[in-house]
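Peer 1: Structure below; questions to follow.
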Amino acid sequence: MGSALLSEAHRLLAGSGHAAVELGVDDRNHRAAALHRRSGYVVVGTGADAGPDGPEPWTLMRLEPADHTRRNR
Numbered sequence: 056m057g058s059a060l061l062s063e064a065h066r067l068l069a070g071s072g073h074a075a076v077e078l079g080v081d082d083r084n085h086r087a088a089a090l091h092r093r094s095g096y097v098v099v100g101t102g103a104d105a106g107p108d109g110p111e112p113w114t115l116m117r118l119e120p121a122d123h124t125r126r127n128r
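And the structure:
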């Protein structure tokens with residue numbers, strides 16, 4: 056289901072002229088990160104937000120919808 060939702064979001068974004076999609080993934084959410092990698096996202100940065108128990112690390116991922124569309128043809 057996650058793949059279908061991402062595909063539809065990519066289609067809508069590319070159709071409305073967006074050049075890229077970026078998202079942050081909690082570093083503890085390995086399943087989400089794997090889904091995004093399978094969808095063509097690449098890591099472009101990292102960071103951390105302050106949390107109640109210390110830093111909460113995240114990874115910034117990016118997808119160029121036009122490149123993704125060409126790869127899947």
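For any residue, its number in our numbering is found by taking its place in the sequence shown, counting from 1, and adding 55.
Glycine included, each C-beta is placed from N, C-alpha and C at the ideal position.
1) So if DSSP puts L115 in a beta bridge, which residue, or which two residues, is it bridged to?
2) Does the beta-carbon distance from G100 to L90 come in below 7 Å?
3) How many angstroms separate the CA atom of E112 from the CA atom of A87?
4) If you run the structure through DSSP and keep just helix, strand and coil, what is A105?
5) What does the alpha-carbon distance come out to for the pair S71 and A64?
6) Buried or exposed for G95, please, with buried defined as at least 16 other CB atoms from any protein chain shown within 10 angstroms of its CB.
7) Taking Cβ to Cβ, would you say L68 is nearer than 7 Å to V76?
Peer 2: According to the structure shown:
1) For this step, residue 115 is matched to residue 60 along the sequence shown. Answer by DSSP bridge pairing, in chain order: G79 and G100.
2) Counting from one through the sequence shown, the residue named residue 100 turns up at place 45. Counting from one through the sequence shown, the residue named residue 90 turns up at place 35. No; because the gap between Cβ atoms is not below 7 Å, this pair is not in contact.
3) Position 57 of the sequence shown, counted from the start, is the residue given in the question as residue 112. Position 32 of the sequence shown, counted from the start, is the residue given in the question as residue 87. As written in the sequence, residue 112 is Pro, which differs from the Glu given in the question. Straight-line Cα distance between these residues: approximately 14 Å.
4) Mapped onto the sequence shown, residue 105 falls at position 50. A105 falls in the strand class under three-state DSSP.
5) As a first step, residue 71 is located in the sequence shown; it is residue number 16 there, counting from the start. As a first step, residue 64 is located in the sequence shown; it is residue number 9 there, counting from the start. Answer to the nearest angstrom: the Cα atoms are 11 Å apart.
6) Looking up residue 95 in the sequence shown gives position 40. Counting Cβ neighbours within 10 Å, G95 comes out buried, since at least 16 surround it.
7) Along the sequence shown, one-based indexing puts residue 68 at 13. Along the sequence shown, one-based indexing puts residue 76 at 21. Yes. Within cutoff.
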